[in-house]
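Peer 1: Residue numbers (numbering that gives the first Met the number 0), protein chains in the order written: chain Z, 0 to 140; chain Y, 0 to 298. Before anything else, here's the structure in question.
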Amino acid sequence: MPAQLATISEDFHAMEQRDRLQLLLEYANELPALPEHYREDPTLFERVEECQSPVFLFVDVDDDSRVHVFATAPAEAPTTRGFASILVQGLEGLSTAEVLATPGDFPQTLGLTALVSPLRIRGMTAMLARIKRQVRERIAG
Amino acid sequence: MTIEADPAAQFADFAHPDRLVSGDWLEHHLGAAGLVVVETDEDVLLYETGHIPGAVKIDWHTELNDPVERDYIDGREFAELLREKGIKRDDTVVIYGDKSNWWAAYALWVFSLFGHNDVRLLDGGRAKWEADGRPYSTEHPQIVPSEYPVVERDDSKIRAFKDEVLAHIGHPLIDVRSPEEFSGERTTAPAYPEEGALRAGHIPTAHNVPWAKAAADDGTFKSADELAAIYRAGAGLRDGDSIIAYCRIGERSSHTWFVLTHLLGFNDVRNYDGSWTEWGSAVRVPIVTGAEPGEAPRS
Numbered sequence: 000m001p002a003q004l005a006t007i008s009e010d011f012h013a014m015e016q017r018d019r020l021q022l023l024l025e026y027a028n029e030l031p032a033l034p035e036h037y038r039e040d041p042t043l044f045e046r047v048e049e050c051q052s053p054v055f056l057f058v059d060v061d062d063d064s065r066v067h068v069f070a071t072a073p074a075e076a077p078t079t080r081g082f083a084s085i086l087v088q089g090l091e092g093l094s095t096a097e098v099l100a101t102p103g104d105f106p107q108t109l110g111l112t113a114l115v116s117p118l119r120i121r122g123m124t125a126m127l128a129r130i131k132r133q134v135r136e137r138i139a140g
Numbered sequence: 000m001t002i003e004a005d006p007a008a009q010f011a012d013f014a015h016p017d018r019l020v021s022g023d024w025l026e027h028h029l030g031a032a033g034l035v036v037v038e039t040d041e042d043v044l045l046y047e048t049g050h051i052p053g054a055v056k057i058d059w060h061t062e063l064n065d066p067v068e069r070d071y072i073d074g075r076e077f078a079e080l081l082r083e084k085g086i087k088r089d090d091t092v093v094i095y096g097d098k099s100n101w102w103a104a105y106a107l108w109v110f111s112l113f114g115h116n117d118v119r120l121l122d123g124g125r126a127k128w129e130a131d132g133r134p135y136s137t138e139h140p141q142i143v144p145s146e147y148p149v150v151e152r153d154d155s156k157i158r159a160f161k162d163e164v165l166a167h168i169g170h171p172l173i174d175v176r177s178p179e180e181f182s183g184e185r186t187t188a189p190a191y192p193e194e195g196a197l198r199a200g201h202i203p204t205a206h207n208v209p210w211a212k213a214a215a216d217d218g219t220f221k222s223a224d225e226l227a228a229i230y231r232a233g234a235g236l237r238d239g240d241s242i243i244a245y246c247r248i249g250e251r252s253s254h255t256w257f258v259l260t261h262l263l264g265f266n267d268v269r270n271y272d273g274s275w276t277e278w279g280s281a282v283r284v285p286i287v288t289g290a291e292p293g294e295a296p297r298s
């Protein structure tokens, strides 16, 4: 697993159950706003149908084959925002190979299943799968 | 009842006006002895972003369900949960949440399975409280653990199981899912994840009344007259009817159960919580597709 994702996972596991929700909330609050040039083109974004809230994703692979994930989710869906933010920050700047090698069950290993419920975590698993698919599409170009 | 009902005029025409409170009433009564405010949301983090001052959180998913079997917690676990939340048996509990109180109504229905006497909804839930500019807090309330007796869950009056629904076909059945789920175009609510029903359609003879028809734009309940037009004139429900409501996992139909029981005053309404995720995967149960209720199978 890429080191920056492993660090996020370790941070969650180091905490008591109740504090883990606070950390997830911090991630939710940190979800970066979209860069100006993406805001004007909503068609770039793919809706994550598996999530109960409207969350949209877009993957950019730059000239050095580094991955940048952009996501939007509404303020009234903080759990979804937190999930998106973990992936946006955890995958930022990784190589395409590193992103594709990320374990598909990473969301289940964050230590949140008891607190958030497996059903809700499925939305995050779907986000990761869609990110990987977009990376493959960008590589195939 | 520990605390007097909200006398607000907008509730006066409902069958049980004491089951609803307004934002004015709640803001005025915050901190009153014998009152506990409970937040229950679809989004498990929403409470942490800010909640009504002093409110405790109950998560329908991780706290009201049995973690292994598809069932609710039992009497001992419910007592333990309510002690932890500082709720006493004779407390007035006001529940509110996101999405027009969709999940709050679900929690209220589960409280009712255990016979908690005084449990009410905040009309309009989070959205209305917020729109009215009322206060939120991010502080976790200091909870004093309470004494709560172990009361066994009573599944016989307001909960229906699959075999009972089978026997009920031809009697008033309300399917509160979206028209697309009812007709069989899809097995989940639009924009909701698949939750494992193998077949699509509805239970024969069910009328489709999507749950949100009972909610006004601001998330409050519609008036008694408007609700009567929807459920009596529209869906043909009559006084004395025995009614079963269902949806996908029993949450949206809890909202309708609340409307039929407490706002319109039907006194034999059951929620089939197995709902479509059970019926749509069960072997050899009748299913009808299309927009019409359809016929009961000849037996």
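Glycine included, every Cβ here is placed at the ideal spot set by N, Cα and C. Since the model is a prediction, treat every value here as computed from it, not as a measurement.
#1: What residues in its chain sit with their C-beta under 7 Å from that of Z/R119, if we drop five residues either side in the sequence?
#2: Could you tell me whether the stretch 122 to 129 of chain Z touches the stretch 25 to 37 of chain Z, using the rule of 3 or more Cβ pairs below 8 Å?
#3: From the DSSP output, in three-state form, read off Y/K127 for me.
#4: Note down, in chain order, each residue of its chain lying with its Cβ closer than 6 Å to the Cβ of Y/A190, except the 5 sequence neighbours on either side.
#5: Straight-line CA distance for Y/D224 to Z/E15?
#6: Can you give, in chain order, each stretch of the beta strand (DSSP E) that sits fully within the stretch 49 to 115 of chain Z and has at least 3 residues?
#7: Do you know how far the Cα of Y/N270 is from the Cα of Z/V47?
#8: Determine whether the beta carbon atoms of Y/I86 and Y/V36 lie at a separation below 8 Å.
#9: Would DSSP call Y/K56 helix, strand or coil?
#10: Just checking, does the stretch 233 to 251 of chain Y make contact with the stretch 121 to 134 of chain Y on the three C-beta pairs under 8 Å criterion?
#11: Given a threshold of 16 other Cβ atoms within 10 Å of its Cβ, counted over all protein chains shown, does Z/T172 qualify as buried or as exposed?
#12: Is the beta carbon of Y/I51 less than 8 Å from the beta carbon of Y/Y105?
#13: Quick one: is Y/A190 near chain Z, going by C-beta distance under 8 Å?
#14: Please report the distance separating the alpha-carbon of Y/D153 from that of Y/E163.
#15: In the structure shown, what three-state DSSP assignment does Z/R46 receive?
#16: Looking at the C-beta of Z/P77, does it have a partner C-beta in chain Y at a distance below 8 Å?
#17: Determine, for Y/V109, whether the minimum Cβ-Cβ distance to residues of chain Z falls below 8 Å.
#18: If we ignore side chains and look at the alpha-carbon of each, how far apart do Z/L4 and Z/R132 end up?
#19: How would you write the range of the alpha helix (DSSP H) that Z/I130 sits in, first residue to last?
#20: Could you give the first and the last residue of the continuous beta strand (DSSP E) run that contains Y/D174?
#21: Hey, how far is the Cα of Y/A54 from the Cα of Z/G140?
#22: Using the beta-carbon of each residue, which ones in chain Y are nearer than 9 Å to Z/A32?
#23: Counting only the same chain and skipping the five closest in sequence on each side, list residues whose C-beta sits under 7 Å from that of Z/T112.
Peer 2: In short:
#1: For the purposes of this step, residue 119 of chain Z is taken as residue 120 along the first sequence, with counting starting at 1. Hits under 7 Å: T78.
#2: no
#3: As a position in the second sequence, residue 127 of chain Y is number 128, starting the count at 1. In this structure, Y/K127 counts as helix in the three-state DSSP scheme.
#4: For the purposes of this step, residue 190 of chain Y is taken as residue 191 along the second sequence, with counting starting at 1. At Y/A190, the pLDDT of 47 sits below 50, so the modelled position is not reliable and the matter cannot be decided from this model.
#5: For the purposes of this step, residue 224 of chain Y is identified with residue 225 of the second sequence, where counting begins at 1. For the purposes of this step, residue 15 of chain Z is identified with residue 16 of the first sequence, where counting begins at 1. Approximately 50 Å, taken between the alpha carbons.
#6: Counting only runs of 3+ residues, the beta strand (DSSP E) found wholly inside the stretch 49 to 115 of chain Z occupies 55 to 60, 66 to 71, in chain order.
#7: Within the first sequence, numbered from 1, the residue matching residue 47 of chain Z stands at position 48. Within the second sequence, numbered from 1, the residue matching residue 270 of chain Y stands at position 271. Between Z/V47 and Y/N270, the C-alpha separation is close to 31 Å.
#8: As a first step, residue 86 of chain Y must be located in the second sequence, where it is residue number 87. As a first step, residue 36 of chain Y must be located in the second sequence, where it is residue number 37. Contact flag unset, no.
#9: Numbered from its first residue, the second sequence carries residue 56 of chain Y at position 57. Reduced to three states, the DSSP call for Y/K56 is strand.
#10: no
#11: Because chain Z here runs from 0 to 140, residue 172 of chain Z falls outside it and cannot be looked at.
#12: Looking up residue 51 of chain Y in the second sequence gives position 52. Looking up residue 105 of chain Y in the second sequence gives position 106. Contact: no.
#13: To locate residue 190 of chain Y, count along the second sequence from 1; it is residue 191. At Y/A190, the pLDDT of 47 sits below 50, so the modelled position is not reliable; the number obtained from the coordinates is stated separately. For Y/A190, the answer is yes, since a Cβ of chain Z falls inside 8 Å of its Cβ.
#14: Within the second sequence, residue 153 of chain Y is the residue found at index 154, counting from 1. Within the second sequence, residue 163 of chain Y is the residue found at index 164, counting from 1. Their backbone Cα atoms lie some 15 Å apart in a straight line.
#15: Residue numbering aside, residue 46 of chain Z sits at position 47 when the first sequence is read from its first letter. Strand, per DSSP.
#16: Residue mapping note: residue 77 of chain Z aligns to position 78 of the first sequence, counting from 1. At a cut-off of 8 Å between beta carbons, Z/P77 contacts chain Y.
#17: One-based indexing of the second sequence puts residue 109 of chain Y at position 110. Chain Z, which has no Cβ nearer than 8 Å to the Cβ of Y/V109, makes this no.
#18: The sequence position of residue 4 of chain Z within the first sequence is 5, counting from 1. The sequence position of residue 132 of chain Z within the first sequence is 133, counting from 1. In a straight line, the C-alpha of Z/L4 is about 19 Å away from that of Z/R132.
#19: Locating residue 130 of chain Z in the first sequence gives position 131, where the first residue counts as 1. Taken as a continuous stretch (DSSP letters only), the alpha helix (DSSP H) holding Z/I130 covers 117 to 139.
#20: Working through the second sequence from its first residue, we reach residue 174 of chain Y at position 175. Start and end: 172 to 174.
#21: The sequence position of residue 54 of chain Y within the second sequence is 55, counting from 1. The sequence position of residue 140 of chain Z within the first sequence is 141, counting from 1. Answer to the nearest angstrom: the Cα atoms are 52 Å apart.
#22: Along the first sequence, read from residue 1 onward, the residue named residue 32 of chain Z stands at position 33. Within chain Y, no residue comes near Z/A32; the closest Cβ sits about 18 Å away, beyond 9 Å.
#23: Position 113 of the first sequence, counted from the start, is the residue given in the question as residue 112 of chain Z. Cβ within range, chain order: I120.
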